[in-house]
Each structure stands twice: as C-alpha cells, then as structure tokens.
Amino acid sequence: MGAGAVTPAVAAEKVPVPVPLDGVGRALNLQTPKIAGELPVPMPGGPEGPRYVEGRMLPDRAVPRLPLDAGLPGAGLRTPLPNLLGHGFDHLGADAPAADLTTLTPGLAVDTPLGAPNPDHYGLPDLKLPQAAVLGPLLKTVPGANVGMAEGE
Numbered sequence: 049m050g051a052g053a054v055t056p057a058v059a060a061e062k063v064p065v066p067v068p069l070d071g072v073g074r075a076l077n078l079q080t081p082k083i084a085g086e087l088p089v090p091m092p093g094g095p096e097g098p099r100y101v102e103g104r105m106l107p108d109r110a111v112p113r114l115p116l117d118a119g120l121p122g123a124g125l126r127t128p129l130p131n132l133l134g135h136g137f138d139h140l141g142a143d144a145p146a147a148d149l150t151t152l153t154p155g156l157a158v159d160t161p162l163g164a165p166n167p168d169h170y171g172l173p174d175l176k177l178p179q180a181a182v183l184g185p186l187l188k189t190v191p192g193a194n195v196g197m198a199e200g201e
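Just so you know, the numbering used here puts 78 at position 30 of the sequence shown, and the rest follows in order with no gaps.
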C-alpha cells in the first residue's frame, strides 16, 4: 500500500472564469466567440507599525493604514469576423490581463496638546497646539490591454 503525497493548499492569486458558449455554437451551427475572465483574490497585508517620534507623547500614526493587495479583473475575447479580410473566418482578439492593484486604507495621525516635561516649570509639560492629520488612501495599478486581428479559426 503506497502513501500518497499530500501537498499543502496554495492560495490562488487569480480565479479563471470561462464563459461556456459551445452549446450555442452547436445549436445554431455557427462559430461563437471565446470569452474568458480572471477574477483576482484579495490578499490582506499587515498594518504599518507605529512610529515613535521624539517630542511627541503619542506614536506618529495612531490609526495605521491597512494594505490590501488584489488586482483588477482580466478578460480575454476572441470572436470570428466572417470574410472581412478575405476567404474563411478572420478573428478579432482582445486581451486585458489582470493587473496588480495595491491599496492602503486611510489612517489617522494625532498628537496631544502637551509637550515633553519642562524642568523650568517644575517638570510640568509645556502646552502646544493639538495636531491631527488624516492620511489619505492609496490606489496604485498599471492596467493594460491588447487588440489584434488574424486569419484562421
């Protein structure tokens, strides 16, 4: 009795999504387009840690920005164009591959109105203006697409 090899589950980055049109082509006796897609699977990342800055009572980022890596959906299309460039079927193809997408959620940076202890004031902290800042979200991607025509099936 042989032992089967067990492989660990691997998280897929993209899930293929075929569009089945073969039955339509057979029923109507015509050549149908071939369509497929890709859906990305979101992958959460670890939050940025707090940054301690000299002279501040609270860390630089009180509410950290959370990263989320995923992608834009991809699509592929190949469709027949009858007798456009000559005899037989010519094809038009379009391909928009899934593109990586990096995001960061908004964050918050605040500081109290109290400064560091001052020995001139018997160890009491100096007063200063309170500070608050909203860290904006980040959205970064580079999408692309290809379109082409060719002869053949």
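The beta carbon of each residue, even a glycine, is placed where N, CA and C say it ideally should be.
All of these numbers come straight from a predicted model, not from anything done at the bench.
Check                                                                                                            : Outcome
Exposed unless 16 or more other CB atoms sit within 10 angstroms - verdict on G94                                : exposed
Under the three-state DSSP convention, the category V111 falls into                                              : strand
Span separating the alpha-carbon of T189 from that of A146                                                       : 10 Å
Buried versus exposed, by CB contacts within 10 Å (16 or more), L156                                             : exposed
Selection from K62, E102 and A75 that minimises the alpha carbon distance to A84                                 : K62
Cα-Cα separation between L78 and L69, rounded to whole angstroms                                                 : 11 Å
Nonlocal neighbours in the same chain, by C-beta distance under 6 Å from V67, ignoring five residues either side : I83
Minimum C-alpha distance to A180 - residue among A193, P161, D174 and G192                                       : P161
Residues sharing a beta bridge with G124, DSSP                                                                   : A84 and D143
Cutoff 7 Å; reference P64; Cβ partners in own chain excluding five residues on either side                       : A84 and E86
Beta-carbon proximity check, V72 vs A142, cutoff 7 Å                                                             : no
P167, DSSP secondary structure in three states                                                                   : helix
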